[in-house]
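Engineer:
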Amino acid sequence: MIEPKTIDAILEKVRKEKPLVHNITNVVVTNFTANGLLAIGASPVMAYAKEEVADMAKIAGALVLNIGTLNEENVEAMLLAGKSANKHGVPVIFDPVGAGATKYRTETAQKIVKELEITAVRGNAAEVANVVGESWSIKGVDSGDGEGDIIELAVKAAKQLNTIAVITGKQDIVSDGETTYICKNGNSLLTKVTGAGCLLTSVIGAFCAVEKDYVRASAAALAVYGSAAELAAEGIEGPGSFQIEFLNNLYTISADNIQKLSALEEVSHVNL
Amino acid sequence: MIEPKTIDAILEKVRKEKPLVHNITNVVVTNFTANGLLAIGASPVMAYAKEEVADMAKIAGALVLNIGTLNEENVEAMLLAGKSANKHGVPVIFDPVGAGATKYRTETAQKIVKELEITAVRGNAAEVANVVGESWSIKGVDSGDGEGDIIELAVKAAKQLNTIAVITGKQDIVSDGETTYICKNGNSLLTKVTGAGCLLTSVIGAFCAVEKDYVRASAAALAVYGSAAELAAEGIEGPGSFQIEFLNNLYTISADNIQKLSALEEVSHVNL
Amino acid sequence: MIEPKTIDAILEKVRKEKPLVHNITNVVVTNFTANGLLAIGASPVMAYAKEEVADMAKIAGALVLNIGTLNEENVEAMLLAGKSANKHGVPVIFDPVGAGATKYRTETAQKIVKELEITAVRGNAAEVANVVGESWSIKGVDSGDGEGDIIELAVKAAKQLNTIAVITGKQDIVSDGETTYICKNGNSLLTKVTGAGCLLTSVIGAFCAVEKDYVRASAAALAVYGSAAELAAEGIEGPGSFQIEFLNNLYTISADNIQKLSALEEVSHVNL
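Chains as they are written, first to last, in our numbering: chain A, 1 to 272; chain B, 1001 to 1272; chain C, 2001 to 2272.
1. Within 9 Å (strictly less), CB to CB, does B:Q986 reach chain A?
2. Name, please, each residue of chain A whose Cβ falls closer than 9 Å to the Cβ of C:G2238.
3. Taking DSSP's pairing of strands, which residues face A:G123 in a bridge?
4. Please classify A:H22 as buried or exposed, where buried requires at least 16 neighbouring CB atoms within 10 angstroms.
5. Using beta carbons (cut-off 9 Å, strictly below), is A:K192 in contact with chain B?
6. Expressed to the nearest angstrom, what Euclidean distance is found between the alpha-carbon atoms of B:S1043 and A:G238?
7. B:N1035 versus chain C: which residues are under 8 Å apart at the beta carbon?
8. Which full runs of the beta strand (DSSP E) of 3+ residues lie inside the stretch 2056-2084 of chain C, going along the chain?
9. Nearest CA to the CA of B:Q1110: which residue from B:C1198, B:E1051 and B:V1075?
10. Counting Cβ pairs, one atom from each stretch, are 3 or more of them under 8 Å apart for the stretch 14-29 of chain A and the stretch 204-224 of chain A?
11. If B:I1204 and B:A1120 are in contact, beta carbons under 8 Å, what's the gap, nearest whole angstrom?
12. Can you pull out the residues from the stretch 2101-2117 of chain C whose beta carbon lies closer than 8 Å to at least one beta carbon of chain A?
13. So, is the C-beta of B:N1066 closer than 9 Å to a C-beta in chain C?
14. Is DSSP giving B:E1265 helix, strand or coil here?
15. Could you tell me which uninterrupted alpha helix (DSSP H) segments, each at least 4 residues in length, are contained entirely in the stretch 2015-2064 of chain C, listed from first to last along the chain?
16. Listing by chain order, which chain C residues have their CB less than 7 Å from the CB of B:V1028?
17. How would you list, in chain order, the residues of chain C whose beta-carbon sits under 8 Å from the beta-carbon of B:G1098?
18. Would you kindly work out how many angstroms separate the C-alpha atoms of A:A233 and B:A1039, rounded to a whole number?
19. Can you check which of these residues, A:D8, A:V97 and A:M1, is closest to A:T252 by C-alpha distance?
20. What is the rounded straight-line gap between the Cα of A:V267 and the Cα of C:L2070?
21. Could you tell me which chain C residues have their CB closer than 7 Å to the CB of B:L1070, listed as they occur along the chain?
22. Mind checking if B:G1133 is an interface residue toward chain C, Cβ cutoff 9 Å exclusive?
23. So is C:I2093 in contact with chain B if we call contact Cβ pairs under 9 Å?
24. Taking the C-alpha atoms as reference points, what is the distance between A:F94 and C:N2026?
25. Which residue wins for smallest C-alpha separation from A:Y181, given the options A:A54, A:S84, A:S262 and A:A81?
26. Have a look at B:V1045 and C:T2108 and give me their C-alpha separation to the nearest angstrom.
27. When we look at the beta-carbon of A:G41 and count the other beta-carbons within 10 Å, is it buried (16 or more) or exposed?
28. Should C:G2144 go down as buried or exposed, given a rule of 16 or more other Cβ atoms within 10 Å for buried?
29. Note down, in chain order, every chain C residue with its Cβ under 9 Å from the Cβ of A:D8.
30. Just to confirm, are B:A1158 and B:D1176 a CB contact at a threshold of 9 Å?
31. Report yes if the C-beta distance between C:V2131 and C:A2154 is below 9 Å; otherwise report no.
32. Assuming C:T2201 is part of the alpha helix (DSSP H), what are its boundary residues?
33. With a threshold of 9 Å between beta-carbons, can A:G195 be considered close to chain B, or not?
34. Would you kindly check if the distance between the Cβ of A:V64 and the Cβ of A:V28 is under 9 Å?
35. Given that A:E52 touches chain C, what residues does it touch there, using C-beta distances under 7 Å?
36. Please name the residue, chosen from B:N1031, B:N1185 and B:V1090, that lies closest to B:A1206 on a Cα-to-Cα basis.
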């Protein structure tokens, strides 16, 4: 169990410290990611050139790698940045967008988790399953509807990759293999805004930049993000307005909101 | 004549089947395109790497190629993806952004229509004219104000390229050379939102993914898109709000709305 | 002193002439930049390929270079476009995003101002300082809080680079080394919208495209931009809504608004 006041304390630390979050991400979500990070209080930077990524990752509070529109050059930059982050103790958050949709994505995702020490991997069930070599249905970069026990998958992925696994969907799971949380915050309109998952990965980066208990930081990020989505969805007409209200609520979400809304619970491992 | 209920039926099929639309598009409009496709009910994916575009195009319901910020690498990817789509019967929609503005754009656009079987090409009059080698004034990537008979141009382009030509402007024309429609839906604020044309091209892709009568699918897409724009423009303060309301209305537009607004008519070829 | 009616006259000229502004900019801000330029009345084009940038820059009213997500290929394109613009008398506006954050950015920024004739450079104090080789604290691509006399820095940068220096922050300075203005328009929510600085650079481009007194054009752009931000901030809930209202207000801002809000003053050089 993570108390709402603990969640809020991490959020306030983000707002106070304004951690630099270095993103190497896809071309679809760069703007939304940067605006979302600014709204939550972080300081986003996008830098992709092999000439500078190691320098930028070194001074960042967190590095976020996202393969949504990967190419050879970007993957090379991700590895350079990741190694620099690993060397300097900067947490690395990985978003394996579309792993499983093409062989190239699956293999690249597996290469990244093999060559780098990943602090946390965030994806839908199909993506995370494909990173760990489980078969799972996937269509494009949208979440698959495959069956299976998501909690079990998260625990397995965390152990196998020696990382924190964050699996998002109707309910979100975060696990380091030992401690596991389930978060029931969120709203289905998030699935109608491109990059909602990608931005969450970057927000996890911002939280990990200020809180070294990374499982706790990741879980807190889920609760804040999902609660902001719930606030944003009130009285909304469609995904256009929702996207704007969501940015507003990432900016304004308060300790009070979190106290009322947070739906984060620890999951017992007894039956796994 | 296409009945409003036929138009609505195709829209509902998009919403139900959520076709995967693979876009190789320009860096300006990726986010808006993805959000617009999500709003209308489709499932967008952007994938550009030569290592994966053939695989992605193969599993897509439609492939959309857009040269708005073309470069050598992207054009190579477009050709690889396009050949894969052609081989697997996936419709290919082409947006020759800025054809005529520079020699490189014109030549690339002509190369794409030559090397690939294009299901539909969507552009303003100047762009389509330049693809078929007609001279037409153009400034940057905005539509030219050149004179000429747009309907005649559409019919000519359709025949010459053996494709469906969709020419958009104050009025939109769609023709396969035999059957031609004119659509009077739309709102001038669309010209103040970057990527409004590009997103339309992708929406045509989504409609062609679920309706194999591609002329009908393209015409229906124009009517839905333009009607959503009319709904979005009601009481709006400027292009910022319009963009958001437009996304809302792509999401919420109903059979009733289409019944009331659709302004799609067949054009007689008698006088051409 | 620049009279509000002079400022408005330049704005009206942008709206009437719709100058083509060719941007080679970063992947984070392309959409917002294009929408902002459309809102203010200009005609944006993004073109990056070495095969076409010289052709596009030649026909543009202004060229805007922005190194926010620079790489080797883009920098090469910037130099080709810049040389073409220089040759054809097209003003070149430069935004050295993140200069000082990494060695690669600093060196590239310095290379660009060395190899091209830059009409105006727009950045925060840290960025401009790093372009002219002054040390200044900087974190990522956000403005540094280093001390120092911003006005003095602007005058120095203008003289050293033989350009117009535009330094933005709580107050904005524009100087060609001889004439210097301070603009107090703006709103702090601009710092919560990614690309607010980048779009300003492009708007300066649009103003310089229609007004050959470039210092006057740049100062007018600051006043219009900052005034639109003030209008947009009224009664706003957060940065999401602000971004949308800002686009609305760039579109609707009137002579009356400028008359009431413009806070642009000439700075005496006596004490420098």
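Using N, Cα and C, we set each Cβ at its ideal position, and we do this for glycine too.
Since we're looking at a predicted model, the values are computed, not measured.
Structural biologist: On the basis of the data shown:
1. The displayed coordinates of chain B run from 1001 to 1272. Any statement about residue 986 of chain B would go beyond what the structure contains.
2. Chain order gives the chain A residues near C:G2238 as A39, I244, E245, L247, N248, N249, L250, Y251 and T252, where near means a beta carbon separation below 9 Å.
3. A:I167.
4. It is buried - the Cβ of A:H22 has at least 16 other Cβ atoms within 10 Å.
5. Closer than 9 Å: yes.
6. The C-alpha of B:S1043 lies about 17 Å from the C-alpha of A:G238.
7. The contacting residues do not exist; B:N1035 stays about 10 Å from chain C at best.
8. Within the stretch 2056-2084 of chain C, the complete beta strand (DSSP E) runs of at least 3 residues are 2062-2066.
9. Taking only the C-alpha atoms, the option nearest B:Q1110 is B:V1075.
10. Under the Cβ criterion (8 Å, minimum of three pairs), the stretch 14-29 of chain A counts as touching the stretch 204-224 of chain A.
11. With 8 Å as the limit, B:I1204 and B:A1120 qualify as a contact, their Cβ atoms being about 6 Å apart.
12. Taking 8 Å as the Cβ-Cβ cut-off, the stretch 2101-2117 of chain C approaches chain A at A2101, T2102, K2103, Y2104 and R2105, given in chain order.
13. For B:N1066, no Cβ of chain C is located within less than 9 Å of the residue's own Cβ.
14. Here DSSP, grouped into helix, strand and coil, assigns B:E1265 to strand.
15. List check, alpha helix (DSSP H) in window: 2030-2040 and 2053-2059.
16. What B:V1028 touches in chain C: T2030, N2031, A2034 and M2046.
17. In chain order: V2045 and A2047.
18. Roughly 15 Å separates the two Cα atoms.
19. Ranking A:D8, A:V97 and A:M1 by CA distance to the CA of A:T252 puts A:D8 first.
20. For the pair A:V267 and C:L2070, the Cα-to-Cα distance works out to about 45 Å.
21. Correct list: A2049.
22. No - not a single Cβ of chain C is within 9 Å of the one on B:G1133.
23. Taking 9 Å as the threshold, the shortest C-beta distance from C:I2093 to chain B does not fall below it.
24. A direct Cα-Cα distance of roughly 22 Å separates A:F94 from C:N2026.
25. Out of A:A54, A:S84, A:S262 and A:A81, A:S262 has the C-alpha closest to the C-alpha of A:Y181.
26. Spanning the two alpha carbons is a distance of roughly 34 Å.
27. Buried.
28. Low confidence applies to C:G2144: its pLDDT is 48, below 50, so where it sits in the model is not reliable, and the reading given next is rough at best. Flag for C:G2144 reads buried.
29. Chain C residues near A:D8: none, gap ~18 Å exceeds 9 Å.
30. It is a contact, given that the beta carbons lie within the stated cut-off.
31. No, they are not a contact pair.
32. That run of the alpha helix (DSSP H) goes A2196 to V2210.
33. So yes, A:G195 belongs to the interface.
34. Result no, Cβ atoms of A:V28 and A:V64 do not sit closer than 9 Å.
35. By Cβ distance, chain C contributes T2102, Y2104 and R2105.
36. Of B:N1031, B:N1185 and B:V1090, the residue nearest in Cα terms is B:V1090.
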